[in-house]
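Per the numbering used here: the sequence shown = residues 5 to 91. For every residue, glycine included, the Cβ atom is placed at its ideal position computed from N, Cα and C.
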Amino acid sequence: MLRRTILDAAEACFRAGDPTASGLLSLPAYQKIMAVIGVDAGQAAAAFARIDGDGDAFITNDELIAAVTDFYTSTEPDAPGNAFYGR
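This is how it looks when you write it as C-alpha cells:
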C-alpha cells in the first residue's frame, strides 16, 4: 500500500511537470517541481543528471519511478535515486 502511494505521488509530480503529456521532463521542469519541496536548483540539476539514465537530457516517467523506488528501497548509497531530493 505504501509503495503504491509513493509511486502514485511520483507519477502525479511527473504529470505536473509534463503538462503537454510528452512523457518527458526537462531539467527546468524538474527544478520547478523540486523547488516546491525546498531543493535548490543546483542540487536538482545534480540529481537530474544521475536520474537521467540514458543521458538524453530528459527524465522519463520510468526513470523517475526507478529513482523514487531507489530512494525508498535501495541499500546502495550510490544508487541514482538516492540523489532524488538533493544531498
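Query raised in the report: Quick one: what's got a C-beta closer than 7 Å to N86's C-beta in the same chain, skipping five residues either side?
Result: D74, F75 and S78
Report task. Note down the Cα distance separating E15 from I69, rounded to an integer number of angstroms. Result -> 7 Å
Requested in this report: Classify T64 as helix, strand or coil using the three-state DSSP reduction.
Outcome: strand
Requested in this report: Report yes if the C-beta distance between A48 and Y34 is below 8 Å; otherwise report no.
Outcome: yes
Requested in this report: Determine the burial state of V43: buried for a count of at least 16 other Cβ atoms within 10 Å of its Cβ, exposed for fewer.
Outcome: buried
Query raised in the report: When burial is assigned at 16 or more other CB atoms within 10 Å of the CB, is T64 buried or exposed?
Result: buried
**Report entry** N71, buried or exposed, once every other Cβ within 10 Å from all chains shown has been counted against 16
**Finding:** Reading off the sequence shown, one finds Ala at residue 71, where the question assumed Asn. Burial call: buried.
Query raised in the report: According to the Cβ coordinates, are L31 and A61 closer than 8 Å?
Result: yes
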